[in-house]
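Enquirer: Residue numbers (my numbering), protein chains in the order written: chain A, 64 to 174; chain B, 548 to 662. Virtual Cβ for every residue (Gly too), placed ideally from N, Cα, C. Predicted model, so just to flag it, every value in this text is computed and none were measured.
1) Please state if the CB of residue 129 of chain A and the CB of residue 143 of chain A are separated by a distance shorter than 7 Å.
2) Does any residue of chain B bring its CB to less than 7 Å from the CB of residue 161 of chain A?
3) In angstroms with no decimal places, state the Cα-to-Cα distance between residue 600 of chain B and residue 81 of chain A.
4) Just the Cα atoms here: how many angstroms apart are residue 71 of chain A and residue 618 of chain B?
5) Tell whether a beta-carbon distance below 7 Å holds between residue 589 of chain B and residue 165 of chain A.
6) Let me make sure I understand the geometry here. Which of A/85, A/75 and A/107 has the alpha-carbon closest to that of residue 69 of chain A?
7) Distance check for residue 139 of chain A and residue 127 of chain A, CA to CA, integer angstroms please.
8) Do residue 75 of chain A and residue 150 of chain A have their beta-carbon atoms positioned less than 7 Å apart in this structure?
9) Do residue 659 of chain B and residue 562 of chain B have their C-beta atoms closer together than 7 Å?
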């Protein structure tokens, strides 16, 4: 059972453009929603995270938008750069401290 | 601060052989996870330890996979016998439960190829 659904599978954006990745979940017991960035040959690294009592969180060029009623959250990358080219995973954590990951989005930023 | 260490980085074995992966988490991190990441997919939780006790192993294929965390520090994940579908990257992650920041710190993974 896929706990967290992520789309799109791949994304190509021009440099300076906005990248948007979407995720949806079903389990209302999830209490923490992180986004991880993964480069080839490396483990995922935390990019930004949000708790369900907040609708938006911004850190630099990265913003999470969270819609609790719709059980959806998204990552927005403003002014996308070639260095942002990586795979992005959304995730959700339950109260048992287990993390469930989406299927990933491969982002390519074209110079 | 040293990160999560994993070894070996790469392993190629024939089906039905056995393999073991080792993980050393960040010092002081009580919670340790093993994830399986198949090419093109997201990490899938195999097992979660809190100190040296198992918290969740519901998705661990126990007929062939086993894991232990002796003394609540290092952990070993073993596969015996391996199947073709076990080809994946095995990621170890740790977190500091008391801080409750929710951040998982991942190692670089051990890539397994089963022929």
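Expert: In brief:
1) Taking 7 Å as the Cβ cut-off, residue 143 of chain A and residue 129 of chain A do not qualify as a contacting pair.
2) So yes, residue 161 of chain A belongs to the interface.
3) One C-alpha to the other measures close to 44 Å.
4) For residue 71 of chain A and residue 618 of chain B, the distance between alpha carbons rounds to 42 Å.
5) In contact: residue 589 of chain B and residue 165 of chain A (Cβ atoms closer than 7 Å).
6) Answer by Cα proximity: A/85.
7) Near 6 Å, if we compare the C-alpha coordinates of residue 139 of chain A and residue 127 of chain A.
8) Not closer than 7 Å, so no.
9) Their beta carbons are not under 7 Å apart, which means residue 659 of chain B does not touch residue 562 of chain B by this criterion.
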